[in-house]
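Residue numbers (my numbering): 5 to 568.
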Amino acid sequence: MDVANRRISDQLHLMGQILEILDENPFKVRAYTRAAELIGRLATPVADISLEELESIEGIGTAIAQKVREMVEDGTFRELEEVKGRVPPGLVEMLALEGVGPKTVRVLWKKLHVETIEDLEKAARGHRIRALKGFGEKKEQGFLKAIANARRRQSDMRMTRQEADMVIGEVRQAMSEGTYEVAGSYRRGRSTIGDIDIVTVESPSHLNRRLRSIADEMIDEGERKSSFWCRGSRVDVRYTPSSTYGSMLLYLTGAKAFNIRLREIALGKGWRLNEYGIRDLARGTVHEFSREEDIFAFLGMDIIPPELREDWGEIDAALSHRLPALIEGSHVRGDLHVHSSWSDGSMDLEALARAGEACGYSYLLCTDHSSSLGVARGLDESALKRQSHEIEMVNRATSCQILHGVEVDILADGTTGLPSRVLKDLDVVVGSVHSAFTQETDLMTRRVLSAIGNEHVDIIGHPTGRLLGQREAYAIDMQRVIESAAETGTALECNASPYRMDIDDVHIREAVNHGGFISIGTDAHGPGDLAWMNYGVRLCRRGWAGPGNVINTLNMHDLLEWAS
DNA sequence: GCCGTTTTCGGCCCGACTGTTTTCAGTCG
5 MDVANRRISD QLHLMGQILE ILDENPFKVR AYTRAAELIG RLATPVADIS LEELESIEGI
65 GTAIAQKVRE MVEDGTFREL EEVKGRVPPG LVEMLALEGV GPKTVRVLWK KLHVETIEDL
125 EKAARGHRIR ALKGFGEKKE QGFLKAIANA RRRQSDMRMT RQEADMVIGE VRQAMSEGTY
185 EVAGSYRRGR STIGDIDIVT VESPSHLNRR LRSIADEMID EGERKSSFWC RGSRVDVRYT
245 PSSTYGSMLL YLTGAKAFNI RLREIALGKG WRLNEYGIRD LARGTVHEFS REEDIFAFLG
305 MDIIPPELRE DWGEIDAALS HRLPALIEGS HVRGDLHVHS SWSDGSMDLE ALARAGEACG
365 YSYLLCTDHS SSLGVARGLD ESALKRQSHE IEMVNRATSC QILHGVEVDI LADGTTGLPS
425 RVLKDLDVVV GSVHSAFTQE TDLMTRRVLS AIGNEHVDII GHPTGRLLGQ REAYAIDMQR
485 VIESAAETGT ALECNASPYR MDIDDVHIRE AVNHGGFISI GTDAHGPGDL AWMNYGVRLC
545 RRGWAGPGNV INTLNMHDLL EWAS
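If you want it as structure tokens, here you go:
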């Protein structure tokens, strides 16, 4: 996301948290929190958006739009500074502790002058908290445990999809095949996962016992839901009979905003929607749903794929039967970013081709690094020639054809790491930034724009350069990149490596809106990595991409035609 | 603070679990 948008989103979120501690109107709090989310998913830098356009976003009104303008100009807004002055700064950090919410923080602050996590720890150890009305020994112990947990694991850290798969693999051992489904952000295909949500038809009495055996620690345990820590991540399990499985899965899959919106729509029709079904408020009758599809039908909507359930316009589209047809895994004919042992990959070309065959692909684009990148054993002109001969040999014996490409460096000045006479002979060229990450926005943007303008560069690899949990995206104006790529017909990569997931859903959506092309590449360096394609497809679906937006759906002939 | 083919004022999703209670408040998703 845009750096400035991130900052503004954080400030709106902070405003909401402080208002909560100050015991303000909870709906005002919700308005700020919602606005923070909306700004956070904007692809365009807010500085480029007019006041009128801001207000036209559902959930942002005149007041918050004005404050956003203020932040663009002054870096903050008057009311935020004012409320900040009324609350010790450490209180907001306390909110991040498990089981500690605004009411608790407020009472501890007012009655015991607790202003920081350290103060809280001292008060709990000194048994001063149990004296408060509504608090007891268990609360004290709970606070100490929450503090210890927060110090041990950075609980606000989101997982990569691969890490999520590891946690799910662990939980799977306690569950019976065919009785459950992973819901939540995992099912929505998000690039990173906060916690693992599971819906199951198994009985809580049996499963809770087995879950205890794989849990690091149980958080809570009941007849309808249980929560626990597993491999440092939170897992929530919801129990349901199969007769209401659809309602439960819908509830546990939807983003919060999606669920709220759907329930509001049901209310408008005189129905109360929850995870057990739909109650007709006038008649008192309850409809149960074993399948999600039937709920959408009941509400008069098209079926919304899990990846779209974000309250990002999909609900109106489903009501008016205008949902797009999304790309599917079966549409993908090949992977457009893989490395071989010619550079820093572990598979030789034949192993690559066999791996491609196993995926059912008709082609793989071999994109080893160009020689300008020393660390990755890059290829120069003569190495590429030799590689070309070997590819010809391998292609005679396999159904999956290796296309000869390269991942050429976009150098600091915007030129490519290999000259045009080399690039022009390759099938498809991916251009990527691998150095000088700290350039300021305009320079970095123009650098990438010049690669987009290069007639030999077909795809921009991992366009924002982020490494999840390790390195932020470099400063780049993605709006300009997306517009320029759409104009020239250059594809932007959706790098499906779980460490990158770059570009992410918001940018894919923006590119799709501009009629641009997306290219999915796993950036595979080893045999198992080709399976990451699924992550990329899901991300593209989140970006509302159809098969026509993604060049991996082209057959080999058309792809080569497109690239030429 | 946001929003409106019932409303420019009066609403704003809904339920599970825990701890401290004896009917509920707080937190969480």
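All residues carry an ideal CB built from backbone N, CA and C; glycine is no exception.
Around the beta-carbon of Ile133, 16 or more other beta-carbon atoms lie within 10 Å, marking it buried. Residue pairing of Trp548 in beta bridges, as defined by DSSP: absent, with no partner found. Taking C-beta atoms under 8 angstroms as the contact rule, Gly457 and Thr492 qualify, at a distance of about 7 angstroms.
Around the C-beta of Leu55, fewer than 16 other C-beta atoms lie within 10 Å, and the residue is accordingly described as exposed.
Judged by their CB atoms, Ala168 and Tyr184 are not nearer to each other than the 7 angstroms cut-off. DSSP, read as helix, strand or coil, puts Val118 in coil. Its Cα nearest to that of Ala286, the residue Ala270 stands out among Tyr280, Ala270, Thr402. One thing to note: Glu314 has its Cβ no nearer than 7 angstroms to the Cβ of Gly250. It is roughly 23 angstroms from the alpha-carbon of Ala40 to the alpha-carbon of Ala321.
Taking all protein chains shown into account, Gln391 has 16 or more neighbouring C-beta atoms within 10 Å of its C-beta and is therefore buried. For Gly281, the enclosing beta strand (DSSP E) stretches over residues 281-284. Lys428 carries a coil assignment under DSSP once its states are collapsed to helix, strand and coil. The Cβ atoms of Tyr255 and Glu279 sit closer than 7 angstroms to each other. Glu225 and Asn212 do touch by the CB rule: their CB atoms are close to 6 angstroms apart, below 8 angstroms. Exclusion of the five residues before and after Cys544 leaves Ile331, Cys498, Ile512, Ile522, Ile524, Val554 as the residues of its chain whose Cβ lies within less than 7 angstroms of its Cβ. DSSP lists Ile282 as the bridge partner or partners of Leu277. Selection Leu415, Cys370, Arg235, Ser488 evaluated against Asn399 yields Cys370 as nearest (Cα-Cα). Take Ile307, set aside five residues on each side of it, and the residues of its chain with a beta-carbon closer than 6 angstroms to its own are Glu297, Phe300, in chain order. Here Glu174 is near Cys234, since their CB atoms are less than 7 angstroms apart. Fully contained in the region 460-510 are the following beta strand (DSSP E) runs of length 3 or more, in chain order: 495-499. An exposed status is given to Asp384, since fewer than 16 other beta-carbon atoms sit within 10 Å of its beta-carbon. For Ile202, the beta-bridge partners assigned by DSSP are Val186, Val241. For Asp508, the CB contacts under 6 angstroms within the same chain, skipping 5 residues up- and downstream, are Ser195 in chain order.
Between Ala490 and Leu453, the alpha-carbon positions lie close to 11 angstroms from each other. Under the 10 Å beta carbon count, His325 is surrounded by fewer than 16 other beta carbons and is classified as exposed. If you look at Trp233, you'll find it in the beta strand (DSSP E) that goes 229-234. Boundaries of the alpha helix (DSSP H) harbouring Leu388: 385-401, taken from the DSSP string. Counting every other CB atom within 10 Å of its CB across the protein chains shown gives Leu563 a total of 16 or more, marking it as buried. In the assembly as shown, Leu471 is an exposed residue. Its beta-carbon has fewer than 16 other beta-carbons within 10 Å.
Residue range 560-567 is occupied by the alpha helix (DSSP H) that includes Met560. Rounded to the nearest angstrom, the gap between the Cα atoms of Leu534 and Arg337 is 13 angstroms. By the beta-carbon neighbour count (other beta carbons within 10 angstroms, threshold 16), Arg228 is exposed. Contact annotation, Asp527 with Ser501: C-beta distance approximately 4 angstroms; criterion of less than 8 angstroms satisfied. DSSP, reduced to helix, strand and coil, places Gly44 within a helical segment of the structure shown.
If you draw a straight line from the Cα of Leu253 to the Cα of Asp199, it is about 16 angstroms long. Looking at the DSSP output, Val434 bridges to Glu411, Ile463.
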